[in-house]
Amino acid sequence: MEVDVLQSAALNVPLRGKDNETTDVILRGVVEVFPQTAEMKRLLAKRLELEQQQREEEEERRRLELKEEMERQKREEDLKKLKQQRKKQRDIEERKRMEEEMKNREDDNLSRVLQMCLENETPAETSFSGLAFTQVQIRVLVNDTLRSLNVENCSFTCRGDEQSGVVELAKGLRLNKGLRNLNLRNNQIDDEGGDALIDALSANRTLTQLDVSFNDLSIELLRELHELLNRNQALFIQVKKHEKREREDMRHEEELMRIYLMHVEARRIMVEGAERRRIAREKAYEDRKAMMSRKKKGKGKKKK
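In terms of the numbering used here, the sequence shown is residues 383 to 686.
See the structure below:
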C-alpha cells in the first residue's frame, strides 16, 4: 500500500491512502519513538559543561604553574644575588685578612701577645695566620686559656724540610687541657709532623676540631687523626650531657628547696597567726574577767 505523507500531517492520527482510505500507519513524535533522545541531549549538555569546566580548571592550573615558575625564577635570582653579595663580602674580608697578616709580619706587638700567652692571659680565640714563629714562640702559643687557635700558613716546617715546629707544637698539645679548635692549614706538615700530632692527641682529650688540610699527610695518618678527634668529640659530648644532667638536678633541687621554703614560710605564718589569735583570746578573756570584777565591785558598793 502506498501512502503519501504530507508535511502538515497530524501526529498520532492514522494516515489516509490515495483513495482517502484509512491506513494502519500512525505518525508519532520522535521523542515518543526514541525516548532516549531527550536524555541524550541532557547528557550531552552535561558533558559539554564538564568539558568547559575542565578547560577552565586547566587554564587556572596553567596560570598557577606559570605564576609558581615566575616566583621560582625570582627566588633563584634573589638567591644568586645573595650568593654574589656573600662572595663579594668574603673576598673583601679575605683581602682585609691578608692585609692584616702582612702588617702582623712586621708588628712588634707580637712579642707582647706571646708574653700574654706565656702568662695565660690571652683571649679564648686567637688568630696568628700568616706569621712566622720560632720554636720557643711555638711552645708559648699553646696555653690553657685558649679555646680556638688559628695558625694557618705560619711556616712551622721551614718549607717542609724540617718538622721541629710542628713537633714543638705537638708537645704543647700533649699537656694542653683548654684548646678545642686548632687550624693548621697549609703548613707543609708531612708524616713526621703527623706522627707527632697523633702522639699528642693520644694524650690530649680536649681537642675536638683539627684542620690539617693542604698539608702532606698520608691517608692513614689522616684516618688516625680523624678517629682520635671522634673519640675526643664523644668525650666532649658525654661531659656536656653530664653537665646538663647536673644543671637539671641543681634546678630540680632548687625548685624543691623553693617549695620547701614556701611550705615552711606558710607554716610559720599559720603558727604565728594561731599564736596571735590565742593571745588575742587570752587578752579578751582577761578583759572580760576584769570587767566582770569591776561590775561585781560596783554592785557591792551600791548594796552598802
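The beta carbon of each residue, even a glycine, is placed where N, CA and C say it ideally should be. If you're wondering where the values come from, they're calculated on a predicted model, not measured in any experiment.
First and last residue of the beta strand (DSSP E) that includes residue i?
i, result
"residue 593", "591-593"
Is residue i buried or exposed, if buried means 16 or more other CB atoms sit within 10 Å of its CB?
i, result
"residue 617", "exposed"
"residue 550", "buried"
"residue 534", "buried"
"residue 570", "buried"
"residue 599", "buried"
"residue 578", "buried"
"residue 678", "exposed"
"residue 548", "buried"
"residue 555", "buried"
"residue 576", "buried"
"residue 528", "buried"
"residue 603", "buried"
"residue 540", "Any reading at residue 540 needs caution, since the residue's pLDDT is 49, under 50, leaving its predicted position unreliable; the model's value is listed next. When all chains shown are included, residue 540 counts as exposed."
DSSP has residue i in a bridge; who is on the other side?
i, result
"residue 564", "531 and 592"
Once you ignore the five residues that flank residue i on each side, which residues in its own chain have a CB closer than 6 angstroms to its CB?
i, result
"residue 574", "545"
"residue 593", "565 and 567"
"residue 552", "578, 579 and 582"
"residue 431", "none"
"residue 637", "none"
"residue 675", "none"
Please work out which residues of its chain come closer than 8 angstroms, Cβ to Cβ, to residue i, disregarding the five sequence neighbours upstream and downstream, and give them in chain order.
i, result
"residue 590", "562, 563, 611, 614, 615 and 618"
Considering just the uninterrupted stretch of the alpha helix (DSSP H) at residue i, what are its terminal residues?
i, result
"residue 403", "First-last for residue 403: undefined, no H or E at that position."
"residue 559", "Residue 559 -> no alpha helix (DSSP H), and no H or E assigned at all."
"residue 579", "573-585"
Excluding the 5 residues flanking residue i on each side, which residues of the same chain have their C-beta closer than 7 angstroms to its C-beta?
i, result
"residue 559", "526 and 588"
"residue 595", "567"
"residue 448", "none"
"residue 606", "580"
"residue 585", "556"
"residue 627", "none"
"residue 634", "none"
Task: Complete runs of the alpha helix (DSSP H) confined to the stretch 608-655 [at least 4 residues] - done: Residue ranges of uninterrupted alpha helix (DSSP H) with 4 or more members are absent from the stretch 608-655; none lies entirely inside it.
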